[in-house]
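Chains as they are written, first to last, in this note's numbering: chain A, 1 to 330; chain B, 1001 to 1510; chain C, 2001 to 2146. Cβ atoms here follow ideal geometry from the backbone N, Cα and C, with glycine treated the same way.
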Amino acid sequence: MKLKRMFSVVLAMSCMGIVALVAGQAVAADPYPVRPIQVIVPFPPGGVADLVARPFATALEKQLKQPVVVVNKTGAGGAVGMQALAVSKPDGYTLMVALSSISVMPEVDVMFNRPPVYKLNDFAPIALLSSDPTVLVVSSKAPWKNVADFVADAKKRPGEIKYASSGVYGTMHVAMEMFAHAAGIKLRHIPTGGGGPALTALLGGHVDAIAGGPNVSIAQIKAGNVKVLAGWGDKRIPALSDVPTFMELGYKDVEFYIWSGFFAPAATPEPIIKVLREATAKAVQAPDFKSAMQKMETPIAYLDAPEFRKFWDNDANRLIKSVRNIGKVE
Amino acid sequence: METTFQNLVLGFSTVFTPTNMLYSLVGCLIGTMVGVLPGVGPLAGISILLPTTFGLDTTSAIILLAGIYYGAMYGGSTTSILMRIPGEAASVMTCIDGYAMARKGRAGPALAIAAFGSYIAGTLSVVGLMFLAPPLARFALGFGPPEYVCLLICGLVVLSYMTGGSIVKNLSMISFGLMGGMIGIDQMSGYFRFSYGITALGDGIGLVPVAVGLFGISEILATAGSPDIREVLKPRFRDLLPSKQEFRDSIGPIGRGTVLGFLIGIIPGSAHIISTFVSYALERKISKHPERFGNGAIEGVAGPESANNAASEGALVPLLALGVPTGPVPAVLLAALMVHGITPGPLFIKEQPVVFWGLIASMYIGNLMLLLLNLPMVGIFVNLLRVPYRILYPTILLFCVVGVYAVNSSMVDVGIMGVMGLLGYLLRKMDFETAPLVLGVILAPIIEFSFRQALAMSGGSYAIFVERPISAFFLVLALIMILLGLKPLIFRKGDWRDRLNEAEKGCDAP
Amino acid sequence: MTIDRVSGAFLVFVGLFVVWERRVLPLGSTSHPGPGYFPLLLAVLLIILGAILIARGKDAKKIRSVSWSEAPHAVAILGCCLFVFLFMEKIGYRLTLLLVLGFLFGVMERIKPWLTLVLTFGFSLGTFWLFDSLLRVPLPRGGWGF
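Right, dumping it as structure tokens:
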């Protein structure tokens, strides 16, 4: 009796299941998009990528007329989410907003003799969304008035000046090492769990400097807790107009941006990418998106796919060189 | 004092508008729901609602999001007590004695005391927040890696009193947990440890799958097929409220839990689940009947529940006073503020009094609302227990799976939950306590990372731990506690723990 | 064979496993501990504790006396978890849950067929709607987009 019962239950379930399946199946092919779209953000909520992705997703939704949902898939400094995109179906329904650290991961894997979690050409760039240069932030009580003082002090006591980063091979680490290499100085690196803890360490006096994002630093500057010595951009930051850039000070090739970009899997068909590119171009013009970004003091730095690809290649080369210089940290 | 009073009036006038009261209520409701759902915690709830708050006025947005945050602490105790599933990672400790009370038919009082304790802790913490925010925040900033290490060493000594049973078994559970916590990327060097190519393990095995699996799934595995008839009588109204004795017993733990939770919460980077562990251990240590813990001691519910509410509000102190987030949830609140054009920093309180004092006032109101929401629901929840378990447990399983999956959209998390469930089941058969394992998983990354950070800061010298005043203080404190703990061994023949072990061995059910 | 001896042996095994696996991680030195340092310390600790358990384990409960009466049920539930883990992303949330809940309610718990159907469909479709559509937390859709 038990067997007969089991059989009838399974049969009933299967029939029901098939009916439901057929009923729920999406109508064939075009036009794109017909279903909700997922945008993977490989970083935890509240971080730069997340803060840019959410207003962007809302603006994109209005353009594509389908729900655009942000999914945080965090882990391993972003590798989990990035890998998820690399292996997802290239049908245009899974996309990603990621940061500049995307260029660094495969190189780190190679250095550690691991099979890379993804390759850079697994991704098709759609557009650049924002680009913030990092800035050198030190405590307002520090004795250095400018970069020259800092470098001179570092040369006098190599390996003594401490700086915090958001994690080993993370954005704050690579940026600072880029500068240290160009200036020929040796600094002591204290990794922390993220941008927030790194800033906390600086404010608490546990480290002497960080290479941080400008928007958070501005609030602390106004409160008089920190000062900014230089920026890693190619232009001065509007809100910090009296802060020189490293390039101005003669350190060529010391450029570092925390940028956020919109990606799709590389094999996504061209017509779908075209739709996404056009939708993005309109979305970044939307007043809601503009005001959200303005309130966060993150300038929109929109570049369409071809220009973004050039920008990305350049940036990736710089970052990879810097990572190779850092080598293995023990 | 004058200005504080005036500011408070300003805050209350902001909150008492119909819109803001509505947002506060909605936030608290959502927070409770999010807390009740296993695995999904305030972080997920806040992130989901973050986009919808973009269009709102800043004060309303923050009131809503903060309501979710401390509301989740109220809701988390509900599933912990009723089903031994931590609704929210910080509610793990409540599972132990809360569930035991539910098995004895005292689910109502447990839920009620949890609500009361949470209310008192929440309200007192807001008072602390109000008056002490800036100086406390400054103090908290002084906690760097060396201070952490010594604080956690202190905590570990206290925690060794956490559960009964054999010391060796407890230690091995903590060590096992510590080991588990080391899976993943080593943040100091970038090496992947024990992750065998599964990228998703790169961040470690995560607290939520471990807590839900070890406590919730193992409970289902152990009881689903068991022939015990679960006694569920229709509760009389009297049974829903705590007895006078229970009230009296709870006052102390609530008070101590509040202070402990608040202090631990303000330290940046401390997970506030640690406050629940310490509160439980403390209550057990100073209780005159430690053997009651684990079998339905109301102190084991009152203390941890107050601690985690106080800690969640304490965590807001550095955020509001200095603009420094203490953990992932305050970081999202920070993001919410930034999206509205406010960058919290040291001048936040001065420059944005409407937002700050509106938030403070809303926290008073919110805590009250949550108390009024949760108390009547106690009756409803207890009646939920009367659903036949055969129907209940697959439903619980469903919610666990969804909850754990929803946290990170990760199937691997669900897998980990399953593995931890099996492990928890086996451990119970072998007479091991599972709570220390969770503790180990949380503490491992913090202790090891802070230790190596501290050594990096000092260039390899161990002297840094005694050179800095705060860390030296904690180190001395830990030493004193160890000596005190060893005293009975030296001066008396065996202490209560040995007597406890004898008693437990005698009562072992086959 | 007591439970203490068995669990002690397990701990020793885990400790040894960690010691073996940790070979690839550099140890560093006492003043600059590397990634392998703490795992090694913990592994040694586990081995010691496991050894203590084995040595003192004579007086513990016998392993035969441990009751496994609910084990078949537990195995079925674990089987469902495994099924969910392996298949949920391939065939989608709703289908997986239809199958799993149907199995648990209908087969394991022998609940009347009509109630099983109601509960199964209600919960799998209902929770999907609640999370995916209402709360915007995406749940897996299978290969067919269902």
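Residue i: contacting residues in chain B (beta-carbon distance under 7 Å)
i, result
"residue 2038/C", "1182 and 1448"
"residue 2133/C", "Chain B residues near residue 2133/C: none, gap ~13 Å exceeds 7 Å."
"residue 225/A", "1346"
"residue 108/A", "1190"
"residue 222/A", "1345 and 1347"
Contact set between residue i and chain C, taken where Cβ atoms lie within less than 9 Å
i, result
"residue 1395/B", "2101, 2119 and 2123"
"residue 1391/B", "2105, 2109, 2111, 2115 and 2119"
DSSP beta-bridge partners of residue i
i, result
"residue 258/A", "132/A"
"residue 2033/C", "2028/C"
"residue 71/A", "40/A"
"residue 163/A", "189/A and 209/A"
"residue 97/A", "262/A"
"residue 1040/B", "The partner list for residue 1040/B (beta bridge, DSSP) is empty, contrary to what the question assumes."
"residue 2141/C", "2092/C"
"residue 127/A", "262/A and 304/A"
"residue 1185/B", "1192/B"
"residue 139/A", "226/A"
"residue 171/A", "DSSP lists no partner for residue 171/A."
"residue 2062/C", "2002/C"
Cutoff 8 Å: residue i Cβ touching any chain A Cβ
i, result
"residue 1179/B", "no"
"residue 2140/C", "no"
"residue 2020/C", "no"
"residue 1057/B", "no"
"residue 1208/B", "no"
"residue 2082/C", "no"
Beta carbon proximity, residue i to chain C, threshold 8 Å
i, result
"residue 1110/B", "no"
"residue 1018/B", "no"
"residue 83/A", "no"
"residue 38/A", "yes"
"residue 1175/B", "yes"
"residue 1068/B", "no"
Contacts that residue i makes with chain C (C-beta to C-beta distance below 8 Å)
i, result
"residue 1425/B", "2074"
"residue 1082/B", "Simply none; closest approach about 18 Å."
"residue 1085/B", "Result: empty, since nearest Cβ-Cβ is about 14 Å, beyond 8 Å."
Any non-hydrogen atom of the ligand ZN closer than 7 Å to residue i Cβ
i, result
"residue 82/A", "Among the ligands in the structure shown, none appear at all, so the ligand ZN cannot be discussed."
Proximal chain A residues relative to residue i, where beta-carbon distance stays under 7 Å
i, result
"residue 1409/B", "71 and 73"
"residue 1200/B", "75 and 80"
8 Å Cβ cut-off: residues of chain B touching residue i
i, result
"residue 112/A", "1190, 1191 and 1192"
"residue 168/A", "1187, 1188, 1189 and 1190"
"residue 2016/C", "None at all; the shortest Cβ gap to chain B is about 12 Å."
"residue 216/A", "1323 and 1343"
Residue nearest to residue i in terms of C-alpha spacing, selected from the options
i, options, result
"residue 66/A", "37/A, 180/A, 49/A and 48/A", "37/A"
"residue 1018/B", "1301/B, 1372/B and 1063/B", "1063/B"
"residue 1274/B", "1073/B, 1443/B and 1012/B", "1443/B"
"residue 1270/B", "1303/B, 1281/B, 1475/B and 1155/B", "1155/B"
"residue 1133/B", "1314/B, 1188/B and 1021/B", "1314/B"
"residue 39/A", "47/A, 32/A, 33/A and 54/A", "54/A"
"residue 1034/B", "1400/B, 1464/B, 1013/B and 1449/B", "1400/B"
"residue 1378/B", "1051/B, 1088/B, 1054/B and 1115/B", "1115/B"
"residue 92/A", "35/A, 194/A and 321/A", "35/A"
Contact with chain B by residue i, beta-carbon distance below 8 Å
i, result
"residue 2078/C", "yes"
"residue 28/A", "Low per-residue confidence applies at residue 28/A: pLDDT is 40, beneath 50, and the placement is therefore not dependable enough to give any value."
"residue 63/A", "no"
"residue 186/A", "no"
"residue 2054/C", "no"
"residue 117/A", "yes"
"residue 301/A", "no"
Beta-carbon neighbours of residue i, restricted to chain C and to distances below 7 Å
i, result
"residue 1452/B", "2033"
9 Å Cβ cut-off: residues of chain B touching residue i
i, result
"residue 210/A", "In chain order: nothing, as chain B lies at least about 13 Å away."
Could you name each continuous beta strand (DSSP E) segment of 3 residues or more that falls completely within the stretch 190-247 of chain A, going from the start of the chain to the end?
209-212 and 226-231
Which runs of the alpha helix (DSSP H) at least 4 residues long sit entirely within the stretch 1420-1477 of chain B? Give them in chain order.
1435-1458 and 1464-1467
Return the chain-ordered ranges of every alpha helix (DSSP H) run that is complete within the stretch 1113-1186 of chain B and spans a minimum of 4 residues.
1145-1159 and 1167-1181
Threshold first: 3 residues or longer. Then list the beta strand (DSSP E) segments lying entirely within the stretch 1348-1385 of chain B, N to C.
none
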